[in-house]
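In order, the protein sequences belong to chains A and B.
Position one of the first sequence corresponds to residue 1 (our numbering), numbered consecutively onward.
Position one of the second sequence corresponds to residue 387 (our numbering), numbered consecutively onward.
Note that CB positions come from ideal geometry on N, CA and C, so glycine has one too.
Source: prediction; values computed, not measured.
Notes follow the structure.
Protein chains: 2
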Amino acid sequence: MWTEAVAARLSITGSAKAVFRSLVLDGPSTRPNMGSALGLSRPTMSAAIAELENLGYVEMIGAVRGPLGRSASQYRVGPQAGHVMAVDAGSTSIRLRVSTLDRRLLYSHVHRLPMRQFEVSAEVSRAVAAEVAAALAATLPEWGPLSTLGIAVPTRVVGPDGDAEASRQNVVFTAFTPPQQTTVLLENNVNCAAVAEMHYGAAQGEETFSYVQIGLKIGMGLVLGGQLIRGRYGAAGEIGHLAFPFAPGTEPRPGEVEHYLGTEALMARVHADWSPDDGAPPLDTTELLLMAGNGGVGAQRHVAKHAADIGAIVASCVSVVDPGVVVLGGGFGSSPLLLPGVSDTVRRLSYSAEVRSSDLGSDATVLGIERLAMERGLLLALGETI
Amino acid sequence: MWTEAVAARLSITGSAKAVFRSLVLDGPSTRPNMGSALGLSRPTMSAAIAELENLGYVEMIGAVRGPLGRSASQYRVGPQAGHVMAVDAGSTSIRLRVSTLDRRLLYSHVHRLPMRQFEVSAEVSRAVAAEVAAALAATLPEWGPLSTLGIAVPTRVVGPDGDAEASRQNVVFTAFTPPQQTTVLLENNVNCAAVAEMHYGAAQGEETFSYVQIGLKIGMGLVLGGQLIRGRYGAAGEIGHLAFPFAPGTEPRPGEVEHYLGTEALMARVHADWSPDDGAPPLDTTELLLMAGNGGVGAQRHVAKHAADIGAIVASCVSVVDPGVVVLGGGFGSSPLLLPGVSDTVRRLSYSAEVRSSDLGSDATVLGIERLAMERGLLLALGETI
DNA sequence: TTAATTAGTTAAGGTGCCTAACACTCCCTG
DNA sequence: CAGGGAGTGTTAGGCACCTTAACTAATTAA
């Protein structure tokens, strides 16, 4: 086995790395454009492009003519740069996307699970294995090597020095063995959604923000200075464990915020408190929101109460990290009906933070893990692994 | 005016920067030591030292002989690198330190304020002006230029694009004009204490931790990945604004945590609840802690209760950012008597975090702002200003 | 067809690091 | 007290990676 490619990887010039990074992150471009953007001279651009073309990291895709002068050739990321596979091992479905490092979608599939999974189970693992196998079978040679496989899981995720047993992050591998020669990247699903909001959603252009997901469970993803914050044990954003109930004379119970703010407890309160004058009670949160949106007074009261409770949680997060912007997501949290109530409570309790609703929907997580896999693939291609 | 020095600053080679940084951060050293630590060859070390000596950034301070062979000359930071002044504009005293970039103390003074200041006032500003003037008068030519003046203030601090009126951070300048040609660095006092804990205190060697200060007021300083987290509006760590009281059926009130956990409210509860069997009630928290340490049952009960409350706050912080290590500081918080109670509550409510007591005492803040000023001075000397 | 304009290449040079080889200083030994 | 071993510091030469200057190539407007 000859290791020319490996040797070559370790000696990419700084300018070539910058050009490649630019093509990955900003999409196809011409030499003059990248040269002026990166502050590189034309000879250097020549050398960088030649170097990357030799590696197959870059390919010409045509010419662009301006109003005057010779037309410039345009380049994009080439096949040898590899591609990534992103999997969202969710509770109701497995979402999978295969794409190039510069985010050209090569393959995608959504598999609905037969029944809701409350945690990562062997059944989820089997479904992931089947979906990944299907994607691998559909792989075409011109996609190049599979560089990174990213998997979003609903557990906290620790690094190689952490206790992976305690976090249960590896349950996804009970019935699934990742392909060889591929880097595997595991990330918490809420963190992934936060990453997606940063790049494609409500937090575009924000360096610092917090993403709060409210659904069956609650969680937070934190981005500070463009960096995803994971915490020492991968437990940053586990706001289900905020002290609650917390008041003079009461004793907080672990995980109680999650129980109290999750949709099941909410619906239980709605049903317990529903007045017959308001008609039949809603069956789930979707109906509750629908009724509130249609002017149902009882529904609106419950939504407003819940918005205030969510606002208190958000205010606590704002008080700790001051993110400036808070994006509300998740099945329940992303409803714009919550926005005024949450916003008011936050403004009343803490320093200002702009509260927004997510609009990425259920694709947020898979888009986020795809993005993280692409970033890892970029580092791998450049030989800049940690 | 000739700008040779400025021009020279802008063209320091990378190796010289690395050598200078090493001398600043790790103290005096020899060429061979730094060369092997930084991975630089002997010719490169020669060039770097020559370059820095020409600028006056470095000076030889003697020779070190090993067991064998020629002795190596030792270098340290030179006068032209400048020095920094650090001021803690505290509530009971103004603490001032002048030191070189490599932390050789040149001058220090503590000025006790005639009466406790609950916020930055004109009186504090006048005292700062007097202390700085005294320090400037004591300045010797061989200290080199005053590069940075750091001031720690008990307000949040926003950057140049923030609303400095709202933060009241500039009140310290009402009666005080900083010297010309000097960079002024303003930082929140709790953040400063956190920085001191990281470098000289209970969080030495930790990349990620949280510092919780409990005294008359409460606050938190957050360090993630070695970086001090300030937040979008400088309000990160304002845990006095955590949602409280927060329980079903109650409505949180802004800033209520601070009122409830601050020492004044604590002592009010102690007095209201004091049993005559336990003798005369304590006059302040120092006495309360003393009585608890001496086995006073009533005092111990109150300390334990307060520790549990602090534990709940800490658990909330841990749930949001998962710092791994929490250092307790401040007049009341740094008492080791609190440690078991806080620790137990945190363990019960959230993912694990190690809780420690600070032992830097009342110097923490001035040591932290000194450190930040030194780091800024280093960047300025290297022409790496943002 | 020619001039103007932009794209890309070739040639020459500078910066910042390296290795190799030599010179210097220190201590130990015979 | 000369000689040698070991570590420190300098000189010479070279390489990697960027630059500017000047050229060639392609394209449009006049």
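For residue 200 of chain A, which three-state DSSP category applies?
-> The residue labelled residue 200 of chain A in the question sits at position 200 within the first sequence. Residue state, collapsed to three classes: helix.
Output yes if chain A places a C-beta closer than 8 Å to the C-beta of residue 624 of chain B; else output no.
-> Working through the second sequence from its first residue, we reach residue 624 of chain B at position 238. Closer than 8 Å: yes.
What are the boundary residues of the beta strand (DSSP E) that residue 75 of chain A is part of?
-> Looking up residue 75 of chain A in the first sequence gives position 75. Counting along the chain, the beta strand (DSSP E) containing residue 75 of chain A begins and ends at 72 to 77.
Run down chain B in chain order and give the residues with a C-beta less than 9 Å from the C-beta of residue 138 of chain A.
-> In the first sequence, residue 138 of chain A corresponds to position 138, counting from 1. Chain B residues near residue 138 of chain A: none, gap ~39 Å exceeds 9 Å.
Taking residue 232 of chain A as the query, report the chain B residues whose CB atoms sit under 7 Å from its CB, ordered along the chain.
-> Translated into positions along the first sequence, residue 232 of chain A becomes position 232. Those are 594, 708, 709 and 710, listed as they occur along chain B.
Give me the Cα-Cα distance between residue 319 of chain A and residue 724 of chain B, rounded to the nearest whole angstrom.
-> As a position in the first sequence, residue 319 of chain A is number 319, starting the count at 1. As a position in the second sequence, residue 724 of chain B is number 338, starting the count at 1. Whole-angstrom Cα-Cα distance: 23 Å.
Residue(s) in a DSSP beta bridge with residue 740 of chain B | Indexing the second sequence from 1 puts residue 740 of chain B at position 354. Paired residues: B/711.
For residue 489 of chain B, which three-state DSSP category applies?
-> The residue you call residue 489 of chain B lines up with position 103 of the second sequence. It is coil, neither helix nor strand.
Could you work out which residues of chain B lie near residue 229 of chain A, taking near to mean beta carbons separated by less than 7 Å?
-> Locating residue 229 of chain A in the first sequence gives position 229, where the first residue counts as 1. Those within 7 Å of residue 229 of chain A in chain B are 610 and 707.
So, is the C-beta of residue 272 of chain A closer than 8 Å to a C-beta in chain B?
-> Reading the first sequence from its first residue, position 272 is the one you call residue 272 of chain A. With 8 Å as the cut-off, residue 272 of chain A does not count as an interface residue toward chain B.
Span separating the alpha-carbon of residue 356 of chain A from that of residue 215 of chain A | For the purposes of this step, residue 356 of chain A is taken as residue 356 along the first sequence, with counting starting at 1. For the purposes of this step, residue 215 of chain A is taken as residue 215 along the first sequence, with counting starting at 1. Roughly 16 Å separates the two Cα atoms.
Any C-beta of chain B under 8 Å from that of residue 263 of chain A = Sequence index remark: in the first sequence, residue 263 of chain A carries index 263 (1-based). Chain B, which has no Cβ nearer than 8 Å to the Cβ of residue 263 of chain A, makes this no.
For the beta strand (DSSP E) holding residue 526 of chain B, just list the boundary residues, first then last.
-> Residue mapping note: residue 526 of chain B aligns to position 140 of the second sequence, counting from 1. From DSSP, residue 526 of chain B is part of no beta strand (DSSP E); its letter is neither H nor E.
From the DSSP output, in three-state form, read off residue 768 of chain B for me.
-> Walking along the second sequence from the start, residue 768 of chain B turns up at place 382. Coil, per DSSP.
Check whether the Cβ of residue 215 of chain A sits closer than 7 Å to any heavy atom of the ligand ATP, and report yes or no.
-> As far as ligands go, the structure on display features none, and thus does not contain the ligand ATP.
Could you name the residues that DSSP lists as bridge partners for residue 112 of chain A?
-> In the first sequence, the residue the question calls residue 112 of chain A occupies position 112. A/93.
Taking C-beta pairs closer than 8 Å, name the residues in chain B that residue 351 of chain A reaches, listed in chain order.
-> Here residue 351 of chain A corresponds to residue number 351 of the first sequence, with the count starting at 1. Result: 542, 619, 621, 624 and 627.
Could you tell me the boundaries of the beta strand (DSSP E) in which residue 646 of chain B lies?
-> Taking the second sequence and counting its residues from 1, one reaches residue 646 of chain B at position 260. Careful: residue 646 of chain B lies outside any beta strand (DSSP E), inside the alpha helix (DSSP H) at 642 to 647.
Within 8 Å (strictly less), CB to CB, does residue 394 of chain B reach chain A?
-> Numbered from 1 along the second sequence, position 8 holds the residue referred to as residue 394 of chain B. Note on residue 394 of chain B: pLDDT 40, under 50, position unreliable in the model; no value is reported.
Among residues of its own chain, excluding the 5 on either side of residue 149 of chain A, which ones have a beta-carbon nearer than 6 Å to its beta-carbon?
-> Within the first sequence, the letter at position 149 stands for residue 149 of chain A. 85, 178, 182 and 184, listed in sequence order.
Would you say residue 348 of chain A reaches chain B, if we count a Cβ-Cβ gap shorter than 8 Å as a contact?
-> Numbered from its first residue, the first sequence carries residue 348 of chain A at position 348. It does; some Cβ of chain B falls within 8 Å.
Under 8 Å between C-beta atoms, does residue 406 of chain B make it to chain A?
-> The residue labelled residue 406 of chain B in the question sits at position 20 within the second sequence. Not an interface residue.
Endpoints, the alpha helix (DSSP H) within which residue 423 of chain B is located = Position 37 of the second sequence, counted from the start, is the residue given in the question as residue 423 of chain B. 417 to 424 is the extent of the alpha helix (DSSP H) around residue 423 of chain B.
Where do the N-terminal and C-terminal ends of the beta strand (DSSP E) with residue 609 of chain B fall, by residue?
-> Translated into positions along the second sequence, residue 609 of chain B becomes position 223. Counted as a single uninterrupted DSSP element, the beta strand (DSSP E) harbouring residue 609 of chain B occupies residues 604 to 610.
Residue 466 of chain B beta carbon less than 8 Å from that of residue 415 of chain B | Stepping through the second sequence from its first residue, residue 415 of chain B is reached at position 29. Stepping through the second sequence from its first residue, residue 466 of chain B is reached at position 80. With respect to the 8 Å criterion, residue 415 of chain B and residue 466 of chain B are not classified as neighbours on the basis of their beta carbons.
Evaluate contact between the segment 41 to 60 of chain A and the segment 327 to 336 of chain A, counting only Cβ atoms and requiring at least three cross-stretch pairs below 8 Å.
-> no
Min CB distance residue 48 of chain A to chain B below 8 Å | Sequence index remark: in the first sequence, residue 48 of chain A carries index 48 (1-based). Chain B, which has no Cβ nearer than 8 Å to the Cβ of residue 48 of chain A, makes this no.
Hey, quick one: how far does the alpha helix (DSSP H) through residue 206 of chain A stretch, first residue to last?
-> Looking up residue 206 of chain A in the first sequence gives position 206. Premise fails: residue 206 of chain A is in no alpha helix (DSSP H) and is neither H nor E.
Considering only residues of the same chain and omitting the five flanking positions on each side of residue 464 of chain B, which have a CB-CB separation below 7 Å?
-> Looking up residue 464 of chain B in the second sequence gives position 78. If we look at residue 464 of chain B and ignore the five residues flanking it on each side, its Cβ neighbours are 442, 443, 444 and 445.
Does residue 57 of chain A get closer than 8 Å to chain B when you measure Cβ to Cβ?
-> Stepping through the first sequence from its first residue, residue 57 of chain A is reached at position 57. With 8 Å as the cut-off, residue 57 of chain A does not count as an interface residue toward chain B.
Say whether chain B places a C-beta atom closer than 8 Å to the C-beta of residue 211 of chain A.
-> In the first sequence, the residue the question calls residue 211 of chain A occupies position 211. So, not an interface residue.
Taking the CB atoms as reference points, tell me whether residue 624 of chain B and residue 611 of chain B lie closer together than 8 Å.
-> Position 238 of the second sequence, counting from 1, holds the residue named residue 624 of chain B. Position 225 of the second sequence, counting from 1, holds the residue named residue 611 of chain B. Cβ distance not < 8 Å, so residue 624 of chain B and residue 611 of chain B don't count as in contact.
Assuming residue 246 of chain A and residue 698 of chain B form a contact by the criterion Cβ under 8 Å, report the distance between their Cβ atoms to the nearest whole angstrom.
-> Here the question's residue 246 of chain A lines up with position 246 in the first sequence. Here the question's residue 698 of chain B lines up with position 312 in the second sequence. With a Cβ gap of about 5 Å, residue 246 of chain A and residue 698 of chain B count as contacting.
On a CA-only basis, which of B/419, B/418, B/438 and B/607 is nearest residue 400 of chain B? Give me that one, please.
-> By one-based count along the second sequence, residue 400 of chain B stands at place 14. Of the candidates B/419, B/418, B/438 and B/607, the one whose C-alpha sits nearest the C-alpha of residue 400 of chain B is B/438.
For residue 150 of chain A, write down the residues that DSSP places opposite it in a beta bridge.
-> Residue numbering aside, residue 150 of chain A sits at position 150 when the first sequence is read from its first letter. Residue 150 of chain A is bridged to A/86 and A/185.
Tell whether a beta-carbon distance below 8 Å holds between residue 473 of chain B and residue 514 of chain B.
-> As a first step, residue 473 of chain B must be located in the second sequence, where it is residue number 87. As a first step, residue 514 of chain B must be located in the second sequence, where it is residue number 128. Yes, the pair counts as a contact, with Cβ atoms nearer than the cut-off.
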